[in-house]
Amino acid sequence: MTAPTIDIARAAPISGLPAGHTIRVGIDRIRLELLEYARRTDNMVFTFAFPILLLFVFASAFGNMDPIVTPDGEISAGALMLPAMVSSGVLLSGTQNLGIGVAIEKWDGTLRRLSAMPIPVTSYFIGKFGQVLITSLVQTMALLAVGVFVFGFDLPQTAAQWGVFAWAYALGLICCAMLGLVLAQLPRSVNAASAVVIPIVLVIQFISGIYLTITMLPDWLIQIASIFPIAWLAHAMRFAFLPEAARFVELDHEWNLGMAVGMLAIWTVVGVIVAAITFRWVKRS
Amino acid sequence: MNTAIEVHGLTKRYGGSPVVDDVTFSIEQGETFALLGPNGAGKSTTVETLEGYRKPTVGTVRVLGTDPLKAGLEWRSRVGVVAQSLGADTTLTARELLTHAERVFPNARRADDVLSQLGLLKHARKRIGQLSGGQKRRVDLALGIIGRPEVLFLDEPTTGLDPEVRRQMWDIVRELSEHGTTVLLTTHYLDEAEQLADRAGVIIAGKVVALDSIANIGGADARMPVVRWRDGDRNREERIEHPTEFVTTLSRKHSGEIPGLEIIRPTLEDIYLGMLRAHGTESTREEADA
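Protein chains in written order, with the numbering used here: chain A, 1 to 285; chain B, 286 to 575.
What follows is the structure in structure tokens.
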């Protein structure tokens with residue numbers, strides 16, 4: 001209770017907020033979002049580290065299996081896991097991270113606290129998407145480092161493969177982030193947040209050829225998974241990381257990148273629309 | 286004087302009976318106003334309507350001349366909110382939250398100045414979850430005042446706090462008020478209203494049953510002194526405007542002491558409990574009797 005000389009009154013009524021307010025607040029929110037992300041153990045384990053741990057497990061397990069023989073040569077079963085876990089990371093960093101994080105902030109009063117201050121809703125999303133992008137980039141680089149240096153898997157070899165990697169990553173992350181905002185509207189309490197989001201994210205990975213390679217799945221399950229964007233994200237990532245011969249372990253033994261772009265784009269648009277309709281910054285009752 | 290807050294005919298209904306029923310009051314700039322009432326009387330609903338979180342069923346509200354439902358960020362920068370339970374499940378520290386708030390409000394105070402004023406400097410590096418209830422409440426208050434608000438809403442600012450922390454909170458509210466901040470506080474503690482407010486509105490079961498300065502609340506009748514004495518084996522009681530005159534007359538009828546003489550001036554508490562009995566529901570009457 002010291003410092004009585006501090007001027008605590010507003011000098012004069014201000015008119016409007018300074019230029020660049022939205023950007024400045026947004027950048028400061030990225031700082032807070034990253035701090036929150038790094039301090040939440042469940043986040044660090046189940047969203048950040050999980051695909052990296054699974055890459056170790058799966059690549060070690062499948063690495064000892066016989067290679068998949070195709071008419072154009074052999075494909076290492078272990079190498080399939082690098083594009084799979086890169087896709088998984090994009091899904092977790094986008095969908096699971098935002099799905100759980102935004103749902104908790106909705107129900108624990110954080111959104112309300114923020115909306116009581118002059119924080120533009122755009123700044124809130126700059127903070128969220130900035131956090132998603134930064135944590136996902138670090139996670140992806142860690143996956144590539146483990147894949148290349150520990151297991152000796154190949155990075156994309158051609159400009160075309162790098163190009164596909166770039167758009168699949170970018171579009172995939174935007175799409176997954178939007179779907180995370182949509183899923184965040186489903187839980188009805190703080191405690192329900194991970195219970196609702198995690199099973200959905202888990203099941204979609206099993207049926208989309210991420211935990212189980214696509215050759216292990218029955219046709220009808222692949223047909224169902226093909227409705228959702230994750231199977232297409234994983235498909236594009238396999239194109240980026242695997243040799244041409246890997247097309248023989250795809251549906252119809254063909255790459256279908258046009259379909260992958262289309263599905264990711266459609267789901268992104270659907271996600272943006274549904275998120276825009278369902279997200280409430282200031283909840284009025 | 287300008288009016289900072291205006292509430293006119295505010296009614297809020299969720300399906301059945303109204304939670305807030307035709308409430309009207311206004312608060313001048315620089316005034317501290319207490320909305321006093323038992324739990325569930327409609328205090329928070331009223332304040333949350335003024336904060337822009339609830340839509341009136343009927344009636345109009347204005348804060349700094351603006352309808353809170355249509356207010357923008359510039360309005361938010363002039364209004365401070367200390368809600369009942371922000372209880373955010375955050376891993377951030379008090380300093381992290383406040384340095385962010387410092388960047389969010391134009392013309393904000395320095396985070397460390399506010400932390401120091403609230404006695405939070407030595408806890409500034411602790412995560413919010415590790416703070417005590419009183420410390421968390423002070424962080425809430427710090428976030429509410431860092432932007433130098435013209436209007437400050439305090440929803441039950443000291444509920445559940447120990448007496449020392451309550452007094453600290455009171456000192457801070459008084460200091461803000463001295464600097465011209467308009468304060469609307471809700472409380473179910475009479476002493477809090479008495480200590481802080483210039484005027485109070487008593488709200489019971491959604492209705493404002495009294496609205497006046499703290500000195501006059503309840504009206505002249507409720508404040509009328511009561512003279513009690515014993516007449517033989519009967520207890521007598523008289524409500525009388527001029528007790529001295531009455532006692533002088535009474536003393537002439539007695540030789541020496543008047544047995545059991547008492548002159549009681551109703552305290553704010555007596556007046557408030559009288560209102561709870563008169564206007565309350567079953568449960569508020571029980572509260573008053575207890």
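For each residue, glycine too, the CB sits at the ideal point set by N, CA and C.
Small disclaimer: the values here were computed from a predicted structure and weren't measured.
For residue i, count neighbouring C-beta atoms within 10 Å of its own C-beta (all shown protein chains included) and say buried if the count is 16 or more, exposed if not.
i: Thr-533(B); result: exposed
i: Gly-418(B); result: exposed
i: Ala-19(A); result: exposed
i: Val-150(A); result: exposed
i: Thr-135(A); result: buried
i: Gly-429(B); result: buried
i: Val-138(A); result: exposed
i: Leu-321(B); result: buried
i: Glu-547(B); result: exposed
i: Ile-210(A); result: buried
With a cut-off of 8 Å, does the C-beta of residue i fall near any C-beta of chain B?
i: Thr-122(A); result: no
i: Leu-143(A); result: no
i: Ile-104(A); result: yes
i: Met-117(A); result: yes
i: Asp-219(A); result: no
i: Val-45(A); result: no
i: Arg-284(A); result: yes
i: Val-132(A); result: no
i: Asp-72(A); result: no
i: Asp-108(A); result: yes
Under 8 Å between C-beta atoms, does residue i make it to chain A?
i: Leu-358(B); result: yes
i: Asp-374(B); result: yes
i: Pro-391(B); result: yes
i: Glu-477(B); result: no
i: Ser-498(B); result: no
i: Ser-362(B); result: yes
i: Arg-388(B); result: yes
i: Leu-383(B); result: no
i: Leu-377(B); result: yes
i: Val-468(B); result: no
i: Val-366(B); result: yes
What's the gap between the Cα of residue i and the Cα of residue j?
i: Met-454(B); j: Phe-206(A); result: 55 Å
i: Phe-165(A); j: Ala-236(A); result: 7 Å
i: Gly-271(A); j: Cys-175(A); result: 7 Å
i: Ala-318(A); j: Leu-82(A); result: Outside the shown range of chain A (1 to 285) lies residue 318(A), about which nothing can therefore be said.
i: Tyr-37(A); j: Met-560(B); result: 51 Å
i: Glu-441(B); j: Val-424(B); result: 15 Å
i: Glu-542(B); j: Glu-530(B); result: 16 Å
i: His-293(B); j: Asp-516(B); result: 51 Å
i: Phe-50(A); j: Glu-33(A); result: 20 Å
i: Gly-132(A); j: Val-190(A); result: Correcting the residue type first, residue 132(A) is Val in the shown sequence and not Gly. Computed Cα separation, rounded: 20 Å.
i: Glu-254(A); j: Ser-87(A); result: 19 Å
i: Leu-221(A); j: Leu-111(A); result: 39 Å
i: Asp-447(B); j: Gln-420(B); result: 11 Å
i: Asn-287(B); j: Leu-426(B); result: 25 Å
i: Val-438(B); j: Glu-336(B); result: One point to set straight first is that residue 438(B) is Phe, not Val, in the sequence displayed. Rounded to the nearest angstrom, the two C-alpha atoms are 8 Å apart.
i: Gly-414(B); j: Glu-387(B); result: 21 Å
i: Val-274(A); j: Ala-195(A); result: 21 Å
i: Ser-93(A); j: Val-332(B); result: 39 Å
i: Val-102(A); j: Thr-378(B); result: 20 Å
i: Ala-409(B); j: Asp-398(B); result: 12 Å
DSSP three-state label for residue i, please.
i: Asp-476(B); result: helix
i: Trp-267(A); result: helix
i: Ser-302(B); result: coil
i: Thr-443(B); result: coil
i: Asp-72(A); result: coil
i: Trp-162(A); result: helix
i: Asn-287(B); result: coil
i: Ile-312(B); result: strand
i: Val-197(A); result: helix
i: Arg-363(B); result: coil
i: His-527(B); result: coil
i: Leu-34(A); result: helix
i: Arg-451(B); result: helix
Could you check whether the Cβ of residue i sits closer than 7 Å to any heavy atom belonging to the ligand PLP?
i: Arg-519(B); result: The ligand PLP is not among the ligands present in this structure, which contains no ligands whatsoever.
Selection of the region 171 to 199 of chain A by Cβ proximity to chain B, strictly under 9 Å | Val-190
Which of the residues in the region 336 to 355 of chain B, read from start to end, lie with their CB under 9 Å from any CB of chain A?
-> Glu-336, Gly-337, Tyr-338, Arg-339, Lys-340, Leu-349 and Leu-354
Relative to chain A, which residues along the region 291 to 321 of chain B have a C-beta separation below 7 Å, given in chain order?
-> none
Mind listing which residues of the region 30 to 42 of chain A have their C-beta closer than 7 Å to chain B's C-betas, in chain order?
-> Leu-32, Leu-35, Glu-36, Arg-39 and Arg-40
Taking only beta carbons into account, state which residues of the region 519 to 530 of chain B come closer than 9 Å to chain A, listed in chain order.
-> none
When Cβ atoms are compared, which residues of the region 86 to 99 of chain A fall closer than 9 Å to chain B?
-> Residues passing the 9 Å Cβ filter: none.
Give, in chain order, every residue of the region 438 to 449 of chain B whose Cβ lies closer than 7 Å to some Cβ of chain A.
-> none
Any residues in the region 17 to 31 of chain A with a beta carbon nearer than 7 Å to a beta carbon of chain B? Which ones, in chain order?
-> Leu-17, Pro-18, Arg-24, Val-25 and Asp-28
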